[in-house]
Amino acid sequence: MSKVGSWFKTRRVRVRAYFAEKNPVCTPSDRWWIYIMIAEAFAARATVTFKQIQGHSVTVSIQREHLKSFDVFYI
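My numbering applies: residue 1 is where the sequence shown begins, and numbers increase by one.
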């Protein structure tokens, strides 16, 4: 989700211009774009957190702290 969301995020102006010009039936609503931006932000943060808790030298307490900070970030 992070890669797809990032793709849409970086190309949203061109994609929306295309939709405005062609006006296809499948044009996503503004709400859809907001959902994509939220999902992309969540997925990017999750990816960073999961990379931080991987590895042989990472202890359970460090993993717990990273997961807790991920949880607090979205509350």
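Positions of the beta carbon are idealized from the N, C-alpha and C atoms, including for glycine.
Here the structure is a predicted model, which is why all the values come from computation and not from measurement.
Spatially closest choice to residue i from the options, by CA coordinates
i   : options            : result
F73 : I62, S57, A44      : A44
T10 : F50, S29, S57, M37 : M37
Whole-Å CB distance - residue i paired with residue j, under 8 Å assumed
i   : j   : result
E81 : S69 : Residue coverage of the chain in this structure runs from 1 to 75, which leaves residue 81 outside it and unanswerable.
R12 : W33 : 7 Å
N-terminal and C-terminal residue of the alpha helix (DSSP H) that residue i is part of
i   : result
V13 : 2-22
Contacting residues, own chain, Cβ-Cβ under 7 Å from residue i (five flanking each side not counted)
i   : result
T47 : S2
F19 : T27
Residues near residue i in its chain [Cβ-Cβ closer than 8 Å; skip 5 each side]
i   : result
I53 : I62, Q63, H66, L67
Proximal residues to residue i (C-beta, below 6 Å), its chain only, five neighbours per side dropped
i  : result
V4 : none
Could I get the ranges of all uninterrupted beta strand (DSSP E) runs contained in the region 36-74, with 3 residues as the minimum, in chain order? none
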